[in-house]
Structures are given as C-alpha cells and as structure tokens.
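Under my numbering, the residue at position 43 of the sequence shown is numbered 84, and the numbers go up by one with no gaps.
Using N, Cα and C, we set each Cβ at its ideal position, and we do this for glycine too.
Have a look at the structure below before the remarks.
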Amino acid sequence: MEESQKKLLARVKRIGGQVAGVERMLNEKRYCVDILNQIAAVRSALDALGVELLTRHLESCVLGHGSDNEHPEAKAMSQQELLAEVKTALSRFL
42 MEESQKKLLA RVKRIGGQVA GVERMLNEKR YCVDILNQIA AVRSALDALG
92 VELLTRHLES CVLGHGSDNE HPEAKAMSQQ ELLAEVKTAL SRFL
C-alpha cells in the first residue's frame, strides 16, 4: 500500500505542475489553443487519477468489505449502503 500511495501522491504533484503550467501560460499570454491543449492534458491526468482511486475503492472498500483487505478507514455499511455510495461516487466522477 505504501508504494502505491507514493505513486498517487507523485501523480497529484505532476497534476499540480500541469495546473501551474496553465497559469504560467496565461501570464505569458500564450496562444489560446496551446493553453487549451494543456487544460486537456490536466483533465486527462485527473481522469486517470480518478479511475485509479475508484478502482482502489472498489477493491478495498467494496469487494474487500469486512475482510482483511478492507481499507482501514472504510465505514461499516450494508451492501445497499455500499451500492448507494458507489452510485454517488460514479455520478460525481462521470
């Protein structure tokens, strides 16, 4: 878990750098299409991060619910509550 956590944090820092790049491009009055391309890259990176986190949630908090693989911060929930939580997370993410 430690190594994958480090990878997630590195990904977040990279995304932060991309966002800072957008700010820099705006300050430099760069060509609009170049800025839009950078914004698209940020969105793509955020989507990939979201998919990774959603996958981890499904593995550890839903499928691992009540087992040794369950995330230590997972809330005690019924199957219906877990399903509702996943539906909410998906609707927000998508």
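So, do the segment 46-58 and the segment 78-95 have three or more beta carbon pairs nearer to each other than 8 angstroms?
The segment 46-58 vs the segment 78-95: in contact.
Taking just the CA atoms, how far does Arg-71 sit from Arg-97?
If you take the alpha carbons of Arg-97 and Arg-71, they lie about 38 angstroms apart.
Ends of the alpha helix (DSSP H) at Glu-85?
It is Ser, not Glu, that sits at residue 85 in the sequence shown. Run containing Ser-85: 73-98, per the alpha helix (DSSP H) assignment.
Pick out whichever of Val-63, Leu-67, Glu-126 and Glu-69 has its Cα sitting closest to the Cα of Ala-81.
Out of Val-63, Leu-67, Glu-126 and Glu-69, Val-63 has the C-alpha closest to the C-alpha of Ala-81.
Take Glu-43 as the anchor and find which of Val-60, Cys-73, Leu-104 and His-112 has the nearest alpha-carbon.
Closest option to Glu-43, Cα to Cα, is His-112.
For Cys-73, does the count of other Cβ atoms within 10 angstroms reach 16, so buried, or fall short, so exposed?
With fewer than 16 Cβ atoms within 10 Å of its Cβ, Cys-73 is classed as exposed.
Considering just the uninterrupted stretch of the alpha helix (DSSP H) at Met-118, what are its terminal residues?
Looking at the DSSP string, Met-118 is not in any alpha helix (DSSP H), and its letter there is neither H nor E.
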